[in-house]
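Residue numbers (the numbering used here), protein chains in the order written: chain A, 1 to 211; chain B, 1001 to 1211.
From the three backbone atoms N, C-alpha and C, an ideal C-beta is built for every residue, glycine too.
Here the structure is laid out as structure tokens; the discussion comes afterwards.
Protein chains: 2
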Amino acid sequence: MTMKKGKTKKRNIESDSRQQILDGALKLFAHKGYAAATVRDIVDASGITAPSLYYYFGNKEGLYMELMQTHCARIDQALESHMHTSSSAKERLKDLVDKIFLHVANDRDFFRLMFTIYYGPSQGAPYCDFISYHAKFHAAIKKIIEEGIASGEFQPGNSGHMTWVIRGVVQLAMEEQIKEDRKIIDRQGLQKILDMLLDRFERLPSVNGKK
Amino acid sequence: MTMKKGKTKKRNIESDSRQQILDGALKLFAHKGYAAATVRDIVDASGITAPSLYYYFGNKEGLYMELMQTHCARIDQALESHMHTSSSAKERLKDLVDKIFLHVANDRDFFRLMFTIYYGPSQGAPYCDFISYHAKFHAAIKKIIEEGIASGEFQPGNSGHMTWVIRGVVQLAMEEQIKEDRKIIDRQGLQKILDMLLDRFERLPSVNGKK
DNA sequence: GTCTATAAACTGATAGAC
DNA sequence: GTCTATCAGTTTATAGAC
Chain A
1 MTMKKGKTKK
11 RNIESDSRQQ
21 ILDGALKLFA
31 HKGYAAATVR
41 DIVDASGITA
51 PSLYYYFGNK
61 EGLYMELMQT
71 HCARIDQALE
81 SHMHTSSSAK
91 ERLKDLVDKI
101 FLHVANDRDF
111 FRLMFTIYYG
121 PSQGAPYCDF
131 ISYHAKFHAA
141 IKKIIEEGIA
151 SGEFQPGNSG
161 HMTWVIRGVV
171 QLAMEEQIKE
181 DRKIIDRQGL
191 QKILDMLLDR
201 FERLPSVNGK
211 K
Chain B
1001 MTMKKGKTKK
1011 RNIESDSRQQ
1021 ILDGALKLFA
1031 HKGYAAATVR
1041 DIVDASGITA
1051 PSLYYYFGNK
1061 EGLYMELMQT
1071 HCARIDQALE
1081 SHMHTSSSAK
1091 ERLKDLVDKI
1101 FLHVANDRDF
1111 FRLMFTIYYG
1121 PSQGAPYCDF
1131 ISYHAKFHAA
1141 IKKIIEEGIA
1151 SGEFQPGNSG
1161 HMTWVIRGVV
1171 QLAMEEQIKE
1181 DRKIIDRQGL
1191 QKILDMLLDR
1201 FERLPSVNGK
1211 K
């Protein structure tokens, strides 16, 4: 309250206590779960004490909500700013998927947390709406597929079903990426699988294909 | 200890307290998470008191582990006892997937819990090895695909990639099935998507296909 | 086996000094 | 802003009567 954004006195440079709490909390929420990650855990991991956490975020829920809002905004950004090139539907699909996958790989802890709360138990965490992001991603894929069908690039067919197939592959790749132990499938692997799959969707297979 | 399996005296028939605890616990673990579902929650939902829970299961972890072991054994059973018919690879794949999907749909709470602990935070729950089930399912799919390629039913190609695609669709269908709100994709829907997908894998498309 | 009563540890949260 | 000290409520778990 007294000073606004001057240099910190004692803390080692550039690392706001605030940010340290956010970092430690995300890691712990993602690996132990919202309920199992206690404020004690968080403040110990962040190298500060409980009152600082409550000073910045009000309570545990406030801390959680701020984490969600920050990272959700980044998803929005990534989903908005895709596709400027006017290449083939196949390339646009691969580009979109790659962008999202990279995003997940670079923010694994958040997506781990998001996925488990979206698909699983609430863990006592305050409600946070994730449906729109899944819907946006689904819609973006479907749109490209329908454009590909309209242009003759893809065989005619049920675009909804095709969308589910694409989303399925991506979902599985994301979830394997999110797991802490072994990442069975990586960025290139996912692209190769998409190549194979989209080749099967193309109009005249194995004529100009490179396979 | 005194009597072994005689009729219960006071409890309403056929509902062992033990089983009621298991039922209530699974529901709560699946919807609130292991850590957030307290012993109090469980005993309240089961209509018994805490000491009975500890009498039967030792502690919260023991209760959880027994739940896991029981339901995991059922997965084993389902995975072992598939495929007796010697029909086409496509039909065998659809049959396997249908069997598993039905299994998930009939034991939603358990799979909800299993999936989120496998892919997400531990929630403070004792470790339970789920990898083998995922591996078995993956291997079973891959085996059928390779047989289909060998017999000429499927186009030659990377069986590993094809397996990932199948698993992706199934994974997404399962997870949507597990969510409590809207089940977007059902049993028939999954089968239709598999039809579309496997048609694309077949050797000569659109000749004898039923579209 | 099932209960009442209660212990012992933990959890989210705050008061108040600096 | 950050700390020490601490509280009130909760959570896991048990002792002991019936």
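If you look at K1027(B), you'll find it in the alpha helix (DSSP H) that goes S1017 to K1032. Take the alpha-carbon of L1026(B) and the one of L102(A): they are about 35 Å apart.
Taken in chain order, the unbroken stretches of alpha helix (DSSP H) that lie wholly in the segment 145-195 of chain A and span 4 residues or more are 159-178. Beta-bridge analysis with DSSP links E202(A) to F154(A).
By the neighbour-count criterion, in which a residue is buried when 16 or more other Cβ atoms sit within 10 angstroms of its Cβ, L198(A) is buried. When Cβ-Cβ separations below 8 Å define contact, A1035(B) makes contact with chain A.
Look at Y1127(B) here: in three-state DSSP terms it is coil, with no helix or strand label. Apart from sequence neighbours up to five positions away, the residues of its chain that approach F1111(B) with a beta-carbon distance below 6 Å are V1104 and I1178, ordered along the chain. When only Cα atoms are considered, P121(A) and A173(A) end up about 22 Å apart. K1094(B) is a Cβ neighbour of Q1191(B), given a cutoff of 8 Å. Across the structure, A1125(B) and A150(A) are spaced so that their CA atoms are roughly 50 Å apart.
Those residues of the segment 1105-1135 of chain B placed with their C-beta closer than 9 Å to a C-beta in chain A are R1112, L1113, F1115, T1116, I1117, Y1118, Y1119, G1120, P1121, S1122, Q1123, G1124, A1125 and I1131, ordered along the chain. DSSP, read as helix, strand or coil, puts H71(A) in helix. It is roughly 6 Å from the alpha-carbon of L1028(B) to the alpha-carbon of A1037(B). Within the segment 171-185 of chain A, contact with chain B at the beta-carbon level (separation under 8 Å) is assigned to Q171, L172, A173, E175, I178, K179 and I185. Taking 8 Å as the threshold, the shortest C-beta distance from L1026(B) to chain A does not fall below it. Under the Cβ distance rule, L198(A) does not count among the residues neighbouring chain B, no pair being separated by less than 8 Å. Judged by DSSP in its simplified three-state form, N106(A) adopts helix. Residues of chain A whose Cβ lies closer than 8 Å to the Cβ of H1031(B) are, in chain order, P121 and S122.
At least one beta carbon of chain B lies nearer than 8 Å to the beta carbon of H161(A). For K1192(B), the residues of chain A that pass the 9 Å Cβ criterion are N158 and H161, in the order they occur in the chain.
The Cβ of R1203(B) sits no closer than 8 Å to any Cβ of chain A. For the pair R40(A) and I1145(B), the Cα-to-Cα distance works out to about 51 Å. By the rule that beta-carbons nearer than 8 Å mark a contact, V39(A) does not touch chain B. At least one CB atom of chain A sits nearer than 8 Å to the CB of V1165(B). Taken through DSSP and simplified to helix, strand or coil, T85(A) comes out as coil. In this structure, the straight-line span from the alpha carbon of R18(A) to that of F57(A) is close to 9 Å. Taking C-beta atoms as the reference points, K1060(B) and H1082(B) fail to come closer than 8 Å.
In terms of beta-carbon proximity, G1168(B) lines the interface with chain A, with at least one pair separated by less than 8 Å. Only buried fits S46(A), as 16 or more other CB atoms lie within 10 angstroms of its CB. Rounded to whole angstroms, I166(A) and I141(A) show a C-alpha spacing of 8 Å. In the three-state reduction of the DSSP assignment, I117(A) falls in the helix class. Relative to the Cα of M162(A), the nearest Cα in the group I1193(B), H1134(B), G1148(B) and V1170(B) belongs to I1193(B).
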